[in-house]
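First comes the structure, then the notes that go with it.
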Amino acid sequence: MITKSPLEKRVKRRITARTHRFFAVCPPGLKRMCHKEIISLSEQILNCEFQDIVMLSGGVEFTSTIQGCYAANLYLRTPSRILMRITKFKAENFRTLEKKLSQIEWELYIKPSLKVHVEVSTNSSRLYHTDAIAQRAENAIKDSFTDVSNVVKINSLNDIAQISDNEKNKMAMQTIMIRGENDLFEVSIDSSGELLHKRGLKENVGVAPIRETIAFAILSAMKYPESPTVASGVSSLSDNSTIFKANSLPLIDGMCGSGTFALEAAMVALNIPAGFFRRFAFENWQCFSKVQWDYMKKISSKNILIGDDRYKNPFIFGVDQDSFILKEFETMIQRFNLSSAIKTIKGDFLDILPEKITNSSNKGFVVLNPPYGKRIGENEDIEKIFFDIGKKLKSDFKGWRAGVIIPDKKFINYLHGRKSIMPIFHGGLEIYAVIVDC
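Put into structure tokens, the structure is as follows:
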């Protein structure tokens, strides 16, 4: 019989055996969708209760266990990260702040071998110097361990971007986030690591790529993968009968680039959890159970439809004119065994005919992320691009449902059919997705 150490017993008693408050940080505009996702997840994942699910500024808060934290990171497609709340306290001066931070049992959360960085934000608080607050937190964490070399001073994601991938892997970094508002400070630990829009598939991306969280939101607004003529809502995570419809309903990613829409659509249609191919920060926590995590992934893998006999022919088509980026995309498709779902085609969207691409007369979905901003050449006429897209959809995609990203509302007039518009925020820009029944 293996005897647990006093620390292991404390971790089990104080962390593993208790419920905790978590916060799903959401991109602007995706909070309601994330709220629905968490409610759906709560109804479908056994042994993972999600309670007190509420929308707050910047995201969705919920109560669950550590296993619920695993499930949120694995399944949710809209959040940017999942934070676990550690404590909340009032501090009007640095003396009180230092005292409260030193009272946190950091050793229950962080392994001594981890490199830690602290991110601080404040609003309407007497303590507003973020560097000074981060330094106090670093000192408190250092004092919890005999090895004090594990804390590095990094106060922004821009600083992290300067660290090479090899250095990141060697360091196994853990983010602690401190938010102060009206002298109330909330301390959280990041369970996700890299932002959750990174699904673990891509190694290289194009210029100003759309994030996977936004791609999922647009696909959901299009009611993918349900029939454009009968769709009534986003399909459930475990509804294989609904997902099976996607096999006869094609999706064309007409300006695919590195394949964000095509890949996200494949993951949805094939029931692949959003985080199935990646790693998370919680895997380095003191309370992490590899047995429980492996079991959760094993259960999720049973519903994945890769290799299923019903999916013998591709039903998602990525079209682009760039041979180099298509070759990289094709390599990625093969690496993750998605060739039965996705096919790449070199060409101009304006020149293709859907029935020739899909070898079918079935109507389906078409998504377009036309060039704008950094992605458009100096001599390109953006007005003409959207005029041509609208003309193409009207002439060759009658009966299809289209999702088109536009940089300005004025371009909606170029798109013909029943339309709805959703604002999205990408790279500091407010852009729009137009859903069109052509």
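All the letters of the sequence shown, read from the start, carry residue numbers 17 to 454 under the numbering used here. Glycine included, every Cβ here is placed at the ideal spot set by N, Cα and C.
Residue i (DSSP reduced to helix, strand or coil)
i, result
"P95", "coil"
"S411", "helix"
"Y144", "coil"
"T81", "coil"
"M475", "What is shown of the chain runs 17 to 454, which leaves residue 475 out entirely."
"M238", "coil"
"Q67", "strand"
"Y86", "helix"
"A233", "helix"
"V246", "Low local confidence applies: a pLDDT of 41 at V246 is under 50, so the model's placement there is unreliable, with the coordinate-based value given in what follows. Reduced to three states, the DSSP call for V246 is coil."
"Y448", "strand"
"M348", "helix"
"M283", "helix"
"A418", "strand"
"F365", "helix"
"D181", "Any reading at D181 must be qualified, since the residue scores a pLDDT of 48, below 50, and its modelled position is unreliable; the value itself is stated next. Helix."
"N378", "coil"
"I405", "helix"
"R111", "helix"
"A33", "coil"
"I288", "coil"
"Q40", "Correcting the residue type first, residue 40 is Ala in the shown sequence and not Gln. Strand at A40."
"F201", "strand"
"K338", "The sequence as given places Asp at residue 338; Lys does not occur at that position. Reduced to three states, the DSSP call for D338 is coil."
"I428", "helix"
"H442", "strand"
Beta-carbon contacts of residue i that lie in its chain and below 7 Å, excluding the five residues immediately before and after
i, result
"S208", "N89, R97, I98, F296 and A297"
"L46", "T94, T229 and A233"
"T276", "P225, I226, E228 and A231"
"I320", "L286, N287 and I288"
When the options are compared against residue i, the one with the closest alpha-carbon
i, options, result
"H36", "Y327, F403, S140 and C303", "C303"
"E122", "N139, H133, F161 and P386", "At residue 122 the sequence reads Trp, which differs from the Glu that was named. For the residues N139, H133, F161 and P386, the minimum Cα distance to W122 belongs to F161."
"P241", "E77, S204 and A282", "A282"
"R142", "N198, A156 and Q151", "N198"
"S356", "C454, D159, K328 and D453", "K328"
"F352", "K314, S339 and I288", "I288"
"K127", "G363, T146, M71 and I157", "I157"
"D324", "K379, A237 and L354", "L354"
"L445", "T138, S56 and I421", "I421"
"E202", "S58, E346, I149 and K379", "I149"
"K131", "M100, A188 and D159", "A188"
"V382", "K25, A237, R195 and I102", "A237"
"K218", "G363, K20 and E344", "E344"
"D336", "T191, M348, G363 and E346", "G363"
"V284", "R215, Q83 and G196", "R215"
"P44", "I451, F441 and I361", "F441"
Beta-carbon contacts of residue i that lie in its chain and below 6 Å, excluding the five residues immediately before and after
i, result
"T81", "T35"
"G291", "N89 and L90"
Spatial distance of residue i from residue j (CA atoms)
i, j, result
"W301", "M193", "16 Å"
"L23", "I31", "11 Å"
"K359", "F293", "20 Å"
"L286", "F331", "11 Å"
"G460", "S140", "Because residue 460 is not part of the residues shown, which for the chain are 17 to 454, the question remains open."
"F427", "I405", "10 Å"
"E399", "P387", "11 Å"
"F105", "L113", "9 Å"
"Y144", "C42", "24 Å"
"M438", "D147", "38 Å"
"M312", "Y86", "8 Å"
"F39", "I447", "26 Å"
"D412", "D424", "24 Å"
"Y91", "M49", "14 Å"
"S305", "L279", "30 Å"
"S436", "T138", "37 Å"
"D338", "N385", "15 Å"
"G380", "D310", "36 Å"
"N63", "Q308", "11 Å"
"H51", "S73", "12 Å"
"D206", "Y125", "11 Å"
"R26", "T103", "17 Å"
"S58", "S21", "33 Å"
"L431", "K414", "12 Å"
"A33", "F78", "17 Å"
Contacting residues, own chain, Cβ-Cβ under 8 Å from residue i (five flanking each side not counted)
i, result
"S257", "With a pLDDT of only 34 at S257, under 50, the local geometry of the prediction cannot be trusted, and the value read off the model is given with reservation. Contacts found: none."
"S377", "E371"
"N182", "With a pLDDT of 46 at N182, under the threshold of 50, the predicted position of this residue should be treated as unreliable, and no value is reported."
"N109", "R142 and L143"
Proximity test, Cβ basis, 8 Å: residue i and chain B
i, result
"G275", "Absent from the structure: chain B. Only one protein chain is present."
Segment contact flag, the region 350 to 370 with the region 267 to 280, C-beta cutoff 8 Å, min 3 pairs: yes
Stretch pair the region 109 to 118 + the region 59 to 74: three plus CB contacts closer than 8 Å: no
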